[in-house]
Amino acid sequence: MSNAHLAGLTGSVLDQLAREHGIDLKRPTPDGQTVEISDDTKRKLLHALKVDVSEDRSIDPVGRRAGPHGFETATTCFVPDFLVEERVWGLSLQLYELRSQRNWGIGDFEDLRVMIGLAASLGCDFIGLNPLHAPFVADARRCSPYEPSSRLFLNPLYIAVDKLPGFQPDIEQQTAIEALRATDLVDYEAVASTKLSTLRSIWAQWKGTDAANYGHADFETFVRDGREALRRHALFETLSEHMVQNSCSAGWRSWPKEYQDPDDPAVASFGVAHDDDIRFHLWLQWITHRQLSDAAAHARASGLRIGLYLDLAVGEALDGSATWSERENYLADATIGSPPDPFAPDGQDWHLAGFQPSRIAGGQKSPFERMVTVAMQYAGAIRIDHAAALRRLFVVPVDGTPSDGAYVTYPQKDLIQILAETSAQHRCLVIGEDLGLLPDGLQHDLTAANVLSYRILSYERDDAGFKPAAGYPALALACISTHDHQTLAGWWRGADIALRAEHGIVSSDLTRQHEAARKVERQQLIQAVSIPDAAGVTKNPSTSALDDLTVRAHRFVAETPSMLVAVRLADLTNETRPTNVPGTSSSYPNWQPKLSVAIERLSELPLFKAVSNAMNEGRQINPSGLGPNQDNRSKQNSSETFDASQRRGGVKETTDKTDAQKLDAIVEKYADKIPRPLGRFIRWMRKPELRWLRLIVGILFVIFGFVGFLPILGFWMVPLGLIILAQDSKWLQRPTLKAITWLEGKFAK
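With the numbering used here as the guide, the letters of the sequence shown map in order to residues 598 to 1346.
Take a look at the structure:
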């Protein structure tokens, strides 16, 4: 739509058009009131939504899916069967923050494997991670995991280079690596330079060999499966690197005009001339995928029943791979953020691109589904950052401030349906970050869809103080703190208040109000977690009294009815420097602080052991008569219950859930042992809509296994065939388990 057509719109005509396209005509103010948005804001947001009034055309209502989605049996998100009766816990960490004796100055996938082993030994069922989305590799300073270049691809800086075939240690390089390892902040530029240089050398060697674990055929299959989207990302990375070398920025908006459009002939010519560089970036994505997949499999094999818990950013960089490759799917000339509130009186501009509401859920494979699927293929749980975005986003014109923004409606019903379908397909929990101001009724809708709430201790207060442990909802993940917060010890000292004041985020008057409120909050926390020596922790916050507070606070959340509790690793190492200070950019080294303790020493920490014990003990306690099937996500919805014993991803279940769970674990075990392409086929075949294919393949596997038709593949075809058949025949599950136990014992050798 041209600006000329928009400029002519005024009054009721403009208001009606804005409403029809989901633009809220009022926005909140810091004092809790609302104010009318300006006509200029309405026009700019209509432009961002690419509304065309120059032609006589009907309006595509917000919320209508443009095409069939296909997999529509599930109406609620998946919840594992064991969570019907059990409450579990896990560790949460930022992968880059890990120190180790072998990494290259940034936590990597080998460090993750070590942490998985440690978590399993403690009794954890999951490990939570920051978003692993693809960054700007050509400009590693842009390191925020919540402002990625693309959410469809992965971060190759997490590759454990020393674990690749063909890696040869270099003595001179080891000196540089040791220096990177010793820093207190991740030096992203130096890490990227060192890793990419070595990876290019390994790539050059790999092209002439065919390593058993990293074969060429597997790589070509990965490239073929990734299709045009993967190639465009690799092309973007190559162009980005080229532009940085020629004094442009890594983002496409500063590039010469002919390179800003991926369909321009100049881009095609560049691709032909730089084919090897493009394939290198394809290879980086493949290696990253392989190592993350191996870590996910290792988590399952180690006994983490949920496995990896991955975070999903709410948007992407305005000038990254995603907006360059698929510009039509994103808002034009607009960013997303949040309106003014008491903590951010000027509002926030997150400098993120948001999906077009009219395209986010449309098509056979919608942009939203593709994004969610990427995370779920590795994860047993995902967290949707800013869950309010399922209904609305606060959109700000690129040349304006948050005061010029407004809420825009998104197709919530379709997005939740996609979440439910994809969650059921991948057997993946969904957690919604539902903090702050939420639209009316959204929590009810999330509860109805089995999306877990996200509860942080410091937020769970009312006029009477901290809510009791029994007051937490069952359908939730509870925690002490997150990457946007100080550790509990830092919160106690008021370090978060001091930092906001230091960086000019809040006024001195607000700072004094927050300090006074914190004194009250500290006393309320003492009462909530039952500290006998309240004077000790109040008067001597630098002593071991704070460790006791940390243990008791974790014991408190462990005793809540919430299905999941996440223990932040930074709380266990008593970090004094926060991971991120919202509202800052260059004035604070966000996303760079490392943990003060190497992962090899974590198990030696008294606080680490004490909190682990408190979690294991607290999770076994039945909280105040609240059974595991009850949910009280909010007082308004306290009459509603979550009945996971009767629902799995929206499908009614009447059989023994333990049998189904055991069969799923066996499928994963056999799928990991057989040739990789066949393993992928087996996992793909578990989709509910492929019932008849499973029937045929299951029967053939049993027959071929017994008669030895395919001796090269082995007798494992018989139990695998039985498992495939049992997925659709509930009465077969118990006999199949017994048969597999007998067969494995008889034919193990």
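Ideal placement from N, C-alpha and C gives every residue a C-beta, glycine not left out.
State yes or no: is the C-beta of P1158 within less than 9 Å of the C-beta of R684?
Yes, Cβ-Cβ distance for P1158 and R684 is below 9 Å.
Using three-state DSSP, classify V1162 as helix, strand or coil.
Three-state result, V1162: strand.
Bridge-paired residues (DSSP) for E633:
As computed with DSSP, E633 is found in a beta bridge with K623.
Taking C-beta to C-beta, are R748 and L909 nearer than 9 Å?
Between R748 and L909, the C-beta gap is smaller than 9 Å, which places the two residues in contact.
Among V1178, F952, A1211, whose alpha-carbon lies nearest the alpha-carbon of D1145?
Put simply, of V1178, F952, A1211 the residue whose alpha carbon is nearest the alpha carbon of D1145 is A1211.
Is T1181 helix, strand or coil when you go by DSSP?
It is coil, neither helix nor strand.
Local conformation of Y755 per DSSP, three classes
The DSSP-derived three-state label of Y755 is helix.
Could you check what DSSP says for Q1083 in three-state terms: helix, strand or coil?
Looking at Q1083 - three-state DSSP - the assignment turns out to be coil, as it is neither helix nor strand.
From the DSSP secondary-structure annotation, give me the bridge partner or partners of T673.
DSSP, once it has assigned bridges, lists no residue as partnering T673.
In chain order, which continuous runs of the alpha helix (DSSP H) of length 4 or greater are located wholly inside the segment 1033-1058?
Correct list: 1039-1045.
With the cut-off set at 9 Å, would you say I1028 and V1154 are in Cβ contact?
Not in contact: I1028 and V1154 (Cβ atoms no closer than 9 Å).
To the nearest angstrom, how far is the alpha carbon of V1148 from that of G959?
Our two residues, V1148 and G959, have alpha carbons roughly 47 Å apart in a direct line.
Chain-order list of residues whose beta-carbon lies under 6 Å from that of A1167 (same chain, five-residue window excluded)
Beyond the five residues adjoining it in sequence on each side, A1167 comes within less than 6 Å, by CB distance, of T1084 in the same chain, given in chain order.
Relative to the C-alpha of T1173, which candidate in I1015, G619, G1091 has its C-alpha closest?
For T1173, the nearest C-alpha among the options comes from G1091.
Can you have a look at V610 and say buried or exposed, based on whether 16 or more other CB atoms are within 10 angstroms of its CB?
Flag for V610 reads exposed.
Please report how far the alpha carbon of T932 lies from the alpha carbon of S790, in whole angstroms.
So the alpha carbons of these two residues sit roughly 31 Å apart.
Secondary structure at R1244, three-state DSSP: helix, strand or coil?
The predicted position of R1244 is uncertain, since its pLDDT is 28 and thus under 50; a value taken from the coordinates is nonetheless stated next. Strand, per DSSP.
Could you please give me the residues that DSSP links to P994 through a beta bridge?
According to DSSP, P994 bridges with A931.
Would you say G619 and P1036 are within 9 Å of each other, going by their C-beta atoms?
In this structure, P1036 does not lie closer than 9 Å to G619 by Cβ.
Bridge partners for S747 per DSSP, in chain order?
Looking at the DSSP output, S747 sits in a beta bridge with A731.
With 16 as the cutoff for other CB atoms within 10 Å, does D628 come out buried or exposed?
Per the 10 Å Cβ criterion, exposed.
Cα-Cα, which of D872, E1118, F833 is closest to Y588?
Because the chain spans 598 through 1346 in this model, residue 588 falls outside it and cannot be assessed.
Could you round the C-beta distance between R829 and P859 to whole angstroms and report it? I think they count as a contact, below 8 Å.
Between P859 and R829 the Cβ distance is about 6 Å, and since that is below 8 Å, they are a contact.
Would you kindly check if the distance between the Cβ of I1053 and the Cβ of H1100 is under 9 Å?
No, Cβ-Cβ distance for H1100 and I1053 is not below 9 Å.
Thinking C-beta only, is V992 closer than 9 Å to G951?
For the pair G951 and V992, the CB atoms are nearer than the 9 Å cut-off.
So A776 is in the alpha helix (DSSP H); what residue range does that whole segment cover?
Here the alpha helix (DSSP H) through A776 covers 768-779.
Within the same chain, show all residues whose beta-carbon is closer than 8 Å to that of Q770, passing over the 5 residues directly before and after it, in chain order.
T791, T795, listed in sequence order.
Can you confirm whether the segment 907-921 touches the segment 980-988 when touching is taken to mean that 3 or more C-beta pairs between the two stretches lie within less than 8 Å?
They touch, by the three-pair rule.
Taking buried to mean at least 16 other C-beta atoms within 10 Å of its own C-beta, is T920 buried or exposed?
Classification for T920: buried.
So, with DSSP's three-state summary, where would you put D616?
Reading off the sequence shown, one finds Arg at residue 616, where the question assumed Asp. Helix.
How about L901 and I713: are their beta carbons less than 9 Å apart?
Yes.
Assigned secondary structure, D946 (DSSP; H/G/I helix, E/B strand, else coil):
DSSP places D946 in strand when its eight states are reduced to three.
Would S1348 be called buried (16 or more neighbouring beta carbons within 10 Å of its own) or exposed?
This structure cannot settle anything about residue 1348, because the visible part of the chain is limited to 598 through 1346.
When you compare each of A1003, A1017, A1046, E1118 to Y1056 by their alpha carbons, which one comes out closest?
Closest option to Y1056, judged by alpha-carbon separation, among A1003, A1017, A1046, E1118: E1118.
What do you get for N810, buried or exposed, if any count of 16 or more other CB atoms within 10 angstroms of its CB means buried?
So N810 ends up on the exposed side.
Counting pairs of beta carbons, one from the segment 729-748 and one from the segment 697-708, are three or more of them closer than 8 Å?
In short, these stretches do not touch, since the Cβ pair count stays below three.
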